[in-house]
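There are 2 protein chains.
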Amino acid sequence: MTLTSPSTARSTYAEIAESAGVSKATVSRVLNGDDRVHPDRIASVIEAAEKLGYRPNRAARALSTGRTGLVAVVIDDEPTALSDPFWGVVLAGISRVFLANDLHSLLMVTPLGSPEGAIAHYLEGGEVDGAIFLQVHKDEVINKVHADGLPVVLIGRPIDENSEIPFVDTDNIGGGLQATKYLFDRGCSKVATLTGDLDASAGADRLSGYKKAHEDAGRELDLDLIARANWTFESAKIMTLRLLAKHPDIDGIFAANDIMAIGAIAAIQERGRRVPDDIAVVGFDDSLLSQTHRPGITTVRQDIIGLGAAAAETMIALLQSRTPEIEVLSTEIMIRETA
Amino acid sequence: MTLTSPSTARSTYAEIAESAGVSKATVSRVLNGDDRVHPDRIASVIEAAEKLGYRPNRAARALSTGRTGLVAVVIDDEPTALSDPFWGVVLAGISRVFLANDLHSLLMVTPLGSPEGAIAHYLEGGEVDGAIFLQVHKDEVINKVHADGLPVVLIGRPIDENSEIPFVDTDNIGGGLQATKYLFDRGCSKVATLTGDLDASAGADRLSGYKKAHEDAGRELDLDLIARANWTFESAKIMTLRLLAKHPDIDGIFAANDIMAIGAIAAIQERGRRVPDDIAVVGFDDSLLSQTHRPGITTVRQDIIGLGAAAAETMIALLQSRTPEIEVLSTEIMIRETA
DNA sequence: ACAAATAACGAAATCGGTTTCACGGCTAAT
DNA sequence: ATTAGCCGTGAAACCGATTTCGTTATTTGT
Numbered sequence: 001m002t003l004t005s006p007s008t009a010r011s012t013y014a015e016i017a018e019s020a021g022v023s024k025a026t027v028s029r030v031l032n033g034d035d036r037v038h039p040d041r042i043a044s045v046i047e048a049a050e051k052l053g054y055r056p057n058r059a060a061r062a063l064s065t066g067r068t069g070l071v072a073v074v075i076d077d078e079p080t081a082l083s084d085p086f087w088g089v090v091l092a093g094i095s096r097v098f099l100a101n102d103l104h105s106l107l108m109v110t111p112l113g114s115p116e117g118a119i120a121h122y123l124e125g126g127e128v129d130g131a132i133f134l135q136v137h138k139d140e141v142i143n144k145v146h147a148d149g150l151p152v153v154l155i156g157r158p159i160d161e162n163s164e165i166p167f168v169d170t171d172n173i174g175g176g177l178q179a180t181k182y183l184f185d186r187g188c189s190k191v192a193t194l195t196g197d198l199d200a201s202a203g204a205d206r207l208s209g210y211k212k213a214h215e216d217a218g219r220e221l222d223l224d225l226i227a228r229a230n231w232t233f234e235s236a237k238i239m240t241l242r243l244l245a246k247h248p249d250i251d252g253i254f255a256a257n258d259i260m261a262i263g264a265i266a267a268i269q270e271r272g273r274r275v276p277d278d279i280a281v282v283g284f285d286d287s288l289l290s291q292t293h294r295p296g297i298t299t300v301r302q303d304i305i306g307l308g309a310a311a312a313e314t315m316i317a318l319l320q321s322r323t324p325e326i327e328v329l330s331t332e333i334m335i336r337e338t339a
Numbered sequence: 340m341t342l343t344s345p346s347t348a349r350s351t352y353a354e355i356a357e358s359a360g361v362s363k364a365t366v367s368r369v370l371n372g373d374d375r376v377h378p379d380r381i382a383s384v385i386e387a388a389e390k391l392g393y394r395p396n397r398a399a400r401a402l403s404t405g406r407t408g409l410v411a412v413v414i415d416d417e418p419t420a421l422s423d424p425f426w427g428v429v430l431a432g433i434s435r436v437f438l439a440n441d442l443h444s445l446l447m448v449t450p451l452g453s454p455e456g457a458i459a460h461y462l463e464g465g466e467v468d469g470a471i472f473l474q475v476h477k478d479e480v481i482n483k484v485h486a487d488g489l490p491v492v493l494i495g496r497p498i499d500e501n502s503e504i505p506f507v508d509t510d511n512i513g514g515g516l517q518a519t520k521y522l523f524d525r526g527c528s529k530v531a532t533l534t535g536d537l538d539a540s541a542g543a544d545r546l547s548g549y550k551k552a553h554e555d556a557g558r559e560l561d562l563d564l565i566a567r568a569n570w571t572f573e574s575a576k577i578m579t580l581r582l583l584a585k586h587p588d589i590d591g592i593f594a595a596n597d598i599m600a601i602g603a604i605a606a607i608q609e610r611g612r613r614v615p616d617d618i619a620v621v622g623f624d625d626s627l628l629s630q631t632h633r634p635g636i637t638t639v640r641q642d643i644i645g646l647g648a649a650a651a652e653t654m655i656a657l658l659q660s661r662t663p664e665i666e667v668l669s670t671e672i673m674i675r676e677t678a
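Chains G and P, in that order, give the protein sequences. Following my numbering, the numbering of the first sequence begins with 1 at its first residue and continues without gaps. Following my numbering, the numbering of the second sequence begins with 340 at its first residue and continues without gaps.
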């Protein structure tokens, strides 16, 4: 199997050294910002480098330093995960920050189920300097990688409370609080919630926010108003129908994502009730759905680009041996028509 | 700035060579499948390599061969592009194929507007073996990279008809044909269409399919039924209201994507007409929206994972100096409730 | 004014593979 | 029985940047 390679001419340290009349060592010092070089030489080296249009050879540097400048971005390869527009935006956030820091993101879409397949490639392979994990349920893989000393950052709070792995996350508790409080402020007296998967921290946290809003407002929490759904339209619709049957006086619903909000609305309308007049509905995500749906869905917006950027920043901190701060990004409520 | 690196111990050719009692050169030959080595030695080298848990060092190989094993996947960094779930799935398709071929995708989300910024990084940098472009409008950048000899693959047919750059695409013409023909077969006598941006090949092609369906059916094409929208909910809704005002007898609409189908439905319902009883609507994309929307949207499904995979295969062909076949993937109609 | 410390810089080794080249041992051709 | 040719193999050069180590030149300290 013969492979072609691009034909672009590249210049090297050797050429710069010759052109500037110094040694390769000095070129390296100048180009890496080592200040123990005479100013005159610094100038001539930089001039020579620019004249020759020098571009560093990543492979050579990687071989020499042991660092590749690459960070793996790992997404669990399951059909549902990939079609979520969320990840694309996260990737953009990561990519922007990395590009500005001379790092690159190696995208790995891989089934995390099998510990061997995925891990072998980057950890034992040592092909990357670190790894950012998206869409996490399989802790084993991540813990193994982390234990092996590879810098790891998670997007989304890990379920395991005493995990030491740094992460970035949206303030889902704050978001749930915001949504529920908004419904209270709007005059709702009986607010139910449709939860997501409670094994995912996002699901659990949004519910915590809902609970906290009751606490803050001094309202009693009725566990019967907490309907466990699983992020999907169907589950939300079914649970809402059930809620309405048992509690006809519900006048507000906080759904833990926009799709479920739409499911809830479908159920409400099916029962001949009006949104928001009879029952107000708040979603979560500020997705395209929430914007295009009629009526427009009032929802909690999270800064997804910022989430990716924060993950990248955290990774950079790790690579520089700084202890990163755990970043939790705040949310914003987008008021549309359903509440 | 001090950087840490993973601590994992790695074995090298030198160690394998010593363990197997041969030279590094022979190790290289065996591990690269050069058959001019005595079978006995092949066996002992392989055994030694396995015993030592050998993993190749990508940087060293890249330095030596000039090939990095990395392919850039470039997405134009504009807010709308990123939130389209389409790209995430394409990326998955690419990633799967690459992973199986010992290649990696370097994700670059970057504004293609400025020719300098993005290009400098991979072409002049020579950091990648090739580039796959998504979401293309800026041909200049791509042409420059291509002209410089870097293998390039496009996802989506380039607007420039006589471009020589290999691409993969969904059969948008076929899809438009399929959708329109389905409406005809269903008994619609007056079918309008909402186009996307006609400067994008997907928009133009889906319209061509609509036209071709008329031709095939021997029906006269009424240009007045072609409403130029721009992929968005709002534009579709406005254009549909206009269509309905001028042509109250329209009984079918082919929207070039699902969001516009939803916009059309909103307009139709606002005018007190029913879907699909009065007017049938077909969308395009089989997006999550089309599945969760009520009524469920009949739509044209494209094989997005397959599109990514095809792009990856095409890139691999280029890297091996084979002339790739232009791949155009067929579509499938998903029948739901709106038609 | 002289030993000791410091600054500036180059030669050479190094990272881990790949590849060229030369050499000894055989086989085939003359 | 020579000569030419092919095999299998290892020594060494090479890819391009980094880094150690040592040398010379210049300060600093007393």
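The C-beta atom is built at its ideal place from N, Cα and C for all residues, glycine as well. Fair warning: this is a prediction, and the values are worked out from it, not measured in the lab.
- Query: With C-beta atoms as the reference, is Gln-291 (chain G) less than 8 angstroms away from Gly-175 (chain G)?
  - Reply: no
- Query: How long is the line joining the alpha carbons of Gly-557 (chain P) and Thr-532 (chain P), rounded to whole angstroms?
  - Reply: 18 angstroms
- Beta-bridge partners of Val-467 (chain P), as assigned by DSSP: Per DSSP, none; premise fails for Val-467 (chain P).
- Answer with yes or no whether the minimum CB distance from Phe-233 (chain G) to chain P is below 8 angstroms. yes
- Task: Look up Ala-539 (chain P) in the DSSP assignment and say whether it is helix, strand or coil.
- Result: coil
- Message: Once DSSP output is grouped into helix, strand and coil, what is the label at Ser-95 (chain G)?
- Response: helix
- Under 9 angstroms (Cβ pairs) to chain G, residues found in the segment 614 to 643 of chain P: Ser-626, Leu-627, Leu-628, Gln-630, Thr-631, His-632, Arg-633 and Ile-643
- Message: Could you check whether the segment 646 to 665 of chain P touches the segment 420 to 438 of chain P, counting it as contact only if at least three pairs of C-beta atoms, one from each stretch, sit closer than 8 angstroms?
- Response: yes
- Query: Do the segment 329 to 339 of chain G and the segment 182 to 189 of chain G touch if we need at least three Cβ pairs shorter than 8 angstroms?
  - Reply: yes
- Query: Any Cβ of chain P within less than 8 angstroms of the Cβ of Asp-77 (chain G)?
  - Reply: yes
- Message: So that I know if they touch, is there some Cβ in chain P lying closer than 8 angstroms to that of Thr-331 (chain G)?
- Response: no
- Task: Check Ile-279 (chain G) in the structure and name its three-state DSSP category.
- Result: coil
- Message: Quick check on DSSP: helix, strand or coil for His-553 (chain P)?
- Response: helix
- How many whole angstroms separate the CB atoms of Val-376 (chain G) and Val-168 (chain G), which I take to be in contact at a CB cut-off of 8 angstroms? No statement about residue 376 (chain G) is possible, as the shown extent of chain G runs from 1 to 339 and does not include it.
- Query: Helix, strand or coil: how does DSSP classify Arg-322 (chain G) here?
  - Reply: coil
- Would you say Met-334 (chain G) reaches chain P, if we count a Cβ-Cβ gap shorter than 8 angstroms as a contact? no
- Item | Val-620 (chain P) beta carbon near the ligand GDP (any heavy atom closer than 7 angstroms) | This structure does not include the ligand GDP; it has no bound ligands of any sort.
- Task: Could you tell me which residues DSSP puts in a beta bridge with Leu-668 (chain P)?
- Result: P:Thr-509
- Task: Could you tell me if Asn-162 (chain G) is buried or exposed, where buried requires 16 or more neighbouring beta carbons within 10 angstroms of its beta carbon?
- Result: exposed
- Message: Between P:Asp-597, P:Leu-628 and P:Ala-584, which has its C-alpha nearest Glu-609 (chain P)'s C-alpha?
- Response: P:Ala-584
- Query: Going straight from the alpha carbon of Pro-345 (chain P) to that of Val-128 (chain G), what length do you get?
  - Reply: Any reading at Pro-345 (chain P) needs caution, since the residue's pLDDT is 41, under 50, leaving its predicted position unreliable; the model's value is listed next. Spanning the two alpha carbons is a distance of roughly 9 angstroms.
- Query: Along the chain, where does the beta strand (DSSP E) that runs through Arg-228 (chain G) open and close?
  - Reply: 226 to 228
- Query: List, in order along the chain, the chain G residues whose C-beta lies closer than 9 angstroms to that of Asp-423 (chain P)?
  - Reply: Pro-85, Gly-88 and Leu-288
- Item | In DSSP terms, what Met-108 (chain G) is bridged to | G:Val-74
- Query: Hey, out of P:Trp-570, P:Pro-450 and P:Glu-559, whose CA is closest to Asp-538 (chain P)'s CA?
  - Reply: P:Trp-570
- Message: How far does the alpha helix (DSSP H) with Leu-627 (chain P) in it extend, from its first residue to its last?
- Response: 627 to 631
- Item | Three-state secondary structure assigned by DSSP to Gly-682 (chain P) | Outside the modelled stretch of chain P, which goes from 340 to 678, sits residue 682 (chain P), for which no answer is possible.
- Taking His-443 (chain P) as the query, report the chain G residues whose CB atoms sit under 7 angstroms from its CB, ordered along the chain. Leu-106
- Message: Let me see if you follow: with CB-CB separation under 8 angstroms, is Leu-344 (chain G) close to chain P or not?
- Response: Residue 344 (chain G) is absent from the structure shown; chain G starts at 1 and stops at 339.
- Apart from the five residues just before and just after His-443 (chain P), which ones in its own chain have a Cβ nearer than 8 angstroms to its Cβ? Gly-408, Leu-409, Val-410 and Phe-437
- Query: Under a CB-based cut-off of 8 angstroms, is Gly-465 (chain P) close to chain G?
  - Reply: yes
- Task: For Ala-256 (chain G), name the three-state secondary structure that DSSP assigns.
- Result: coil
- Task: Quick one: grab the DSSP three-state call for Ala-60 (chain G).
- Result: helix
- Message: Taking the alpha carbon of Ser-350 (chain P) as the reference point, which residue from P:Met-447, P:Val-428 and P:Gly-392 has its own alpha carbon closest?
- Response: P:Gly-392
- Does the Cβ-Cβ distance between Ser-44 (chain G) and Val-428 (chain P) come in under 8 angstroms? no
- What separation, rounded to the nearest whole angstrom, lies between the Cα atoms of Leu-207 (chain G) and Ala-236 (chain G)? 15 angstroms
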